[in-house]
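Residue numbers (our numbering): 142 to 710.
If you want it as structure tokens, here you go:
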């Protein structure tokens with residue numbers, strides 16, 4: 142291809158040199174996205190729109206990049222300004238790569254190690270999904286067997302007598318043994334007024350709802366109809382239960398869960414079997430001297446010697462895994478106490494170090510990926526990791542003082558305005574009867590947080606049943622949010638029927654809104670200011686690269702409109 146620099150239409154310059162923080166930030170967001178876009182080679186019918194030293198950007202590359210952009214990263218400009226904006230992000234990527242190579246970052250152990258590890262992970266996933274996973278079959282008979290064994294195929298009508306103490310439940314049990322009816326004992330003793338009035342009846346429950354009501358799964362499955370259970374702990378309270386009627390349940394949800402469970406078990410077994418076969422096929426050798434070195438280092442709680450040891454730990458089929466390579470993986474969170482024991486170390490090394498390397502090697506041996514594809518994958522990874530490393534170098538030196546953070550807070554109060562909101566302790570229950578039972582337990586002294594396992598909210602346990610709500614969430618919680626905003630602090634409310642069940646809640650804290658005090662948002666203010674400073678530093682860095690390398694950048698503006706026609710913009 143003849144040099145396009147010599148053409149009269151070629152311009153030796155950067156595409157644009159926007160100096161506003163907003164422009165630089167916008168271009169840098171686009172630049173970050175190019176890391177995942179990938180740039181392919183050009184052909185005769187694919188004109189070059191930019192040259193950066195020895196690299197080129199073609200019309201197809203630019204168009205593909207823009208077409209794949211998420212809506213939030215589209216250029217705020219129109220026409221030629223938008224075309225230049227998009228091209229600038231790709232030019233900046235190449236300028237940063239030039240700088241990364243100039244600094245020698247591409248040959249550092251951190252970058253090459255990250256490329257190797259990420260490539261290995263990709264090959265492992267490819268091998269497992271292509272070779273191992275297709276062998277795993279889940280039998281519908283096994284699913285049905287578990288549905289029956291675990292009680293997912295039926296619902297049972299639950300009756301309960303709930304009391305405060307073990308002594309009281311023993312009194313109830315004695316009365317029942319002497320012939321007093323369950324309904325009569327429930328009316329006399331049960332703390333749940335509503336179910337007590339119905340002789341203790343709480344309604345039909347499935348096995349999961351039973352467990353949330355402190356009825357163990359084995360009691361749900363095995364307790365015969367009409368028979369009273371032994372006294373059962375119910376948080377800080379006690380109860381006895383019985384079931385008076387069974388009916389079929391729809392096990393569709395359980396069927397999906399059990400299928401996934403059986404598939405996961407089967408896949409784990411298939412991976413272990415495959416690894417054993419690969420051990421034999423590749424003539425695996427584990428070097429015990431290296432294993433002892435690792436175990437001893439963790440036993441002494443001094444692993445420095447492992448970081449630079451090239452002693453072979455495993456060899457197989459011409460491949461070698463060194464102690465240093467293993468330690469790079471172990472440093473990612475393997476439990477040191479387990480690694481200080483020989484058998485524990487063997488198990489962890491097999492799972493976290495050996496298995497991925499053998500599967501990745503097998504993917505290459507089986508030609509699951511050709512050499513050109515593998516090299517292209519590694520090139521893209523190398524560039525992405527190089528760019529990330531370069532960005533960290535430029536931002537790690539940025540810091541802000543406490544005085545600057547306070548000044549930022551004072552200068553930008555609009556950043557810290559909080560609308561009216563409430564913090565509430567809340568449990569979402571499946572049925573009204575269960576919600577009433579929980580309400581009564583709390584009234585009688587149970588700690589709401591201790592009942593969190595009964596809540597249907599996915600994050601209830603992680604949050605200890607504490608949730609934050611504000612008026613903007615009315616669309617998501619049309620009944621719950623207005624009720625919470627109207628409730629008094631500390632007052633136990635519910636059951637309230639809401640989407641997904643019945644809510645019992647208590648307001649722990651109400652915030653009337655306004656500007657948050659500095660002490661409450663100091664970390665947020667620091668993060669916001671630091672982000673601004675880092676973006677500014679990156680913007681200045683990009684501008685420096687553009688100015689420094691302006692002589693090696695050639696733009697072929699005559700091809701931009703063809704590369705990015707109006708319909709693409």
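The beta-carbon is built from N, C-alpha and C at its ideal position, and this holds for glycine as well. For clarity, every value in this text was computed on a predicted model and none was experimentally measured.
Three or more C-beta pairs below 8 angstroms linking the region 214-224 and the region 460-467: no
C-beta atoms of residue 569 and residue 399 nearer than 9 angstroms: Numbered from 1 along the chain shown, position 428 holds the residue referred to as residue 569. Numbered from 1 along the chain shown, position 258 holds the residue referred to as residue 399. By the CB criterion at 9 angstroms, residue 569 and residue 399 fall outside the cutoff.
C-alpha distance - residue 528 paired with residue 708, whole-angstrom precision: Start at 1 with the first residue of the chain shown, and residue 528 comes out as number 387. Start at 1 with the first residue of the chain shown, and residue 708 comes out as number 567. Computed Cα separation, rounded: 31 angstroms.
Same chain, Cβ closer than 8 angstroms to residue 546, five either side skipped, listed in chain order: Here the question's residue 546 lines up with position 405 in the chain shown. Here the set comprises 663, 666, 667, 670.
Cα-Cα separation, residue 369 to residue 315: Within the chain shown, the letter at position 228 stands for residue 369. Within the chain shown, the letter at position 174 stands for residue 315. Approximately 12 angstroms between the Cα atoms of the pair.
Where residue 344 falls: helix, strand or coil (DSSP): By 1-based counting over the chain shown, the position of residue 344 is 203. In this structure, residue 344 counts as strand in the three-state DSSP scheme.
Candidates 217, 306, 302: closest to residue 317 by CA position: Locating residue 317 in the chain shown gives position 176, counting from the first residue. Closest option to residue 317, Cα to Cα, is 302.
Residue 572 versus residue 373 - alpha carbon distance: On the chain shown, position 431 is the one that residue 572 refers to. On the chain shown, position 232 is the one that residue 373 refers to. Straight-line Cα distance between these residues: approximately 21 angstroms.
Residue 635 burial status per 10 Å Cβ neighbour count (16 or more: buried): Sequence index remark: in the chain shown, residue 635 carries index 494 (1-based). The residue in question, residue 635, is buried, as its Cβ has 16 or more Cβ neighbours within 10 Å.
Length of the line joining the Cα atoms of residue 457 and residue 241: Translated into the one-based positions of the chain shown, residue 457 becomes position 316. Translated into the one-based positions of the chain shown, residue 241 becomes position 100. C-alpha separation (whole angstroms): 35 angstroms.
Neighbourhood of residue 586 by C-beta distance below 7 angstroms, restricted to the same chain and skipping five residues each side: Taking the chain shown and counting its residues from 1, the one referred to as residue 586 is at position 445. Result list for residue 586: 377, in chain order.
Whole-angstrom C-beta distance between residue 236 and residue 531, which should lie under 8 angstroms: Taking the first residue of the chain shown as position 1, residue 531 is located at position 390. Taking the first residue of the chain shown as position 1, residue 236 is located at position 95. With a Cβ gap of about 11 angstroms, residue 531 and residue 236 do not count as contacting.
CB contact flag (residue 345, residue 366, <9 angstroms): Taking the first residue of the chain shown as position 1, residue 345 is located at position 204. Taking the first residue of the chain shown as position 1, residue 366 is located at position 225. No, Cβ-Cβ distance for residue 345 and residue 366 is not below 9 angstroms.
Beta-carbon proximity of residue 647 to residue 583, cut-off 9 angstroms: The residue labelled residue 647 in the question sits at position 506 within the chain shown. The residue labelled residue 583 in the question sits at position 442 within the chain shown. Yes, Cβ-Cβ distance for residue 647 and residue 583 is below 9 angstroms.
Collapsed DSSP secondary structure at residue 569 in the structure displayed: As a working mapping, residue 569 is identified with position 428 in the chain shown. In the structure shown, residue 569 sits in a strand (DSSP, three-state: E or B).
DSSP state of residue 322 mapped onto helix, strand, coil: Position 181 of the chain shown, counting from 1, holds the residue named residue 322. In this structure, residue 322 counts as coil in the three-state DSSP scheme.
Cα-Cα separation between residue 701 and residue 217, rounded to whole angstroms: Position 560 of the chain shown holds residue 701. Position 76 of the chain shown holds residue 217. It is roughly 17 angstroms from the alpha-carbon of residue 701 to the alpha-carbon of residue 217.
Close Cβ partners of residue 271 (< 6 angstroms) along its chain, the five nearest in sequence each way excluded: Here residue 271 refers to the residue found at position 130 when the chain shown is read from its first residue. Excluding sequence neighbours, residue 271 sits near 509.
Rounded separation between residue 381 and residue 338 - CA only: Here residue 381 corresponds to residue number 240 of the chain shown, with the count starting at 1. Here residue 338 corresponds to residue number 197 of the chain shown, with the count starting at 1. So the alpha carbons of these two residues sit roughly 16 angstroms apart.
Under the three-state DSSP convention, the category residue 679 falls into: Translated into positions along the chain shown, residue 679 becomes position 538. It is helical.
Of the listed residues 430, 488, 650, 277, nearest to residue 562 (C-alpha basis): The residue labelled residue 562 in the question sits at position 421 within the chain shown. Ranking 430, 488, 650, 277 by Cα distance to residue 562 puts 650 first.
Reference residue 595, options 555, 655, 353, 394, closest by Cα: Mapped onto the chain shown, residue 595 falls at position 454. Closest by alpha carbon: 353.
Burial state of residue 538 (16 or more Cβ within 10 Å): For the purposes of this step, residue 538 is taken as residue 397 along the chain shown, with counting starting at 1. When all chains shown are included, residue 538 counts as exposed.
Close Cβ partners of residue 182 (< 7 angstroms) along its chain, the five nearest in sequence each way excluded: For this step, residue 182 is matched to residue 41 along the chain shown. Reliability fails at residue 182, whose pLDDT of 48 lies under 50, so the model's placement of it is uncertain and the value that follows must be treated cautiously. Here the set comprises nothing.
Backbone CA spacing between residue 706 and residue 196 [nearest angstrom]: For the purposes of this step, residue 706 is taken as residue 565 along the chain shown, with counting starting at 1. For the purposes of this step, residue 196 is taken as residue 55 along the chain shown, with counting starting at 1. When rounded, the distance between both Cα atoms is 24 angstroms.
Alpha-carbon to alpha-carbon, residue 517 and residue 258: Reading the chain shown from its first residue, position 117 is the one you call residue 258. Reading the chain shown from its first residue, position 376 is the one you call residue 517. Whole-angstrom Cα-Cα distance: 16 angstroms.
Collapsed DSSP secondary structure at residue 452 in the structure displayed: Position 311 of the chain shown, counting from 1, holds the residue named residue 452. Here residue 452 sits in coil by DSSP.
Residue environment, residue 687, which counts as buried when at least 16 other CB atoms sit within 10 Å: Within the chain shown, the letter at position 546 stands for residue 687. Result: buried.
Exposed unless 16 or more other CB atoms sit within 10 angstroms - verdict on residue 642: Along the chain shown, read from residue 1 onward, the residue named residue 642 stands at position 501. Residue 642 should be labelled buried.
Contact set for residue 420: own chain, Cβ-Cβ below 8 angstroms, skip 5 residues either direction: Here residue 420 corresponds to residue number 279 of the chain shown, with the count starting at 1. These residues qualify, in order along the chain: 457, 499.
The region 319-337 in contact with the region 427-434 per 3-pair CB rule at 8 angstroms: With a cut-off of 8 angstroms, the region 427-434 and the region 319-337 do not count as touching, because too few Cβ pairs lie within range.
Spatial distance of residue 328 from residue 341 (CA atoms): Along the chain shown, read from residue 1 onward, the residue named residue 328 stands at position 187. Along the chain shown, read from residue 1 onward, the residue named residue 341 stands at position 200. In a straight line, the C-alpha of residue 328 is about 7 angstroms away from that of residue 341.
Beta-carbon gap between residue 295 and residue 387 smaller than 9 angstroms: For this step, residue 295 is matched to residue 154 along the chain shown. For this step, residue 387 is matched to residue 246 along the chain shown. It is a contact, given that the beta carbons lie within the stated cut-off.
According to DSSP, residues forming a beta bridge with residue 659: For the purposes of this step, residue 659 is taken as the residue at position 518 of the chain shown. Bridge partners of residue 659: none, in fact.
Residue 461: CB within 8 angstroms of a non-hydrogen atom of the ligand ZN: What this structure holds is no ligand at all, so the ligand ZN is not there to describe.
Residues that residue 389 bridges to, as DSSP identifies them: Within the chain shown, the letter at position 248 stands for residue 389. For residue 389, which the question treats as bridged, DSSP gives the partners 295.
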